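Here's the structure we're looking at; comments come further down.
Numbering (the numbering used here), first residue to last: 43 to 201.
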């Protein structure tokens, strides 16, 4: 687990996580850093039997498809999980016939990478899940003293 966390911390060091966290700002930063367009697309119908989210990489852009009919926090986490796959450069190869069935309107030669999974037992899924949580949680950079200072401020009696 320590090695997994260290790898996630290494990925985080290459991207600026906005504080306070803002998903749109983070996505814009990732797109700029990668030199590619990044679009978030709600896709109702992704659910327990299918992935909650999916990352599509085409020649000139990345698309993250996510389930929009869940809570805002959950939708954001789904997007972050897919972004984490992107930042970790995870790859999932699928054959051309499956790509044609999944994306009938997209030329199979155009789609370079598709990630969308429902099984969290693989190392890639665990890494994506941990990195997504670290991004949302302040990029793993919060110091305990900062949290204590905020608690002290909140609990200070009004005088």
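Backbone N, C-alpha and C define an ideal beta-carbon position, used for all residues, glycine too.
Bear in mind the structure is a predicted one, so any value in this text is a computation, not a measurement.
### Task
State the beta-bridge partners of residue 83 as determined by DSSP.
Stepping through the chain shown from its first residue, residue 83 is reached at position 41. DSSP, once it has assigned bridges, lists 107 as partnering residue 83.
### Query
When DSSP builds the beta bridges, which residues end up paired with residue 100?
Start at 1 with the first residue of the chain shown, and residue 100 comes out as number 58. Note: residue 100 sits in a beta bridge opposite 103.
### Query
To the nearest whole angstrom, what separates the beta carbons of residue 123 and residue 170, a pair I think is in contact under 8 Å?
Looking up residue 123 in the chain shown gives position 81. Looking up residue 170 in the chain shown gives position 128. Residue 123 to residue 170, Cβ: 5 Å. Contact.
#### Entry: Paired residues, beta bridge with residue 179 - DSSP
On the chain shown, position 137 is the one that residue 179 refers to. DSSP output for residue 179 lists no bridge partner at all.
### Task
Could you have a look at residue 57 and say whether DSSP puts it in helix, strand or coil?
Counting from one through the chain shown, the residue named residue 57 turns up at place 15. Residue 57 falls in the coil class under three-state DSSP.
### Query
Does the separation of the CB atoms of residue 54 and residue 177 fall below 9 Å?
By 1-based counting over the chain shown, the position of residue 54 is 12. By 1-based counting over the chain shown, the position of residue 177 is 135. A contact, by the Cβ cut-off of 9 Å.
#### Entry: Own chain partners of residue 44 with C-beta closer than 7 Å, once the 5 adjacent residues on each side are dropped
Within the chain shown, the letter at position 2 stands for residue 44. Contacts found: none.
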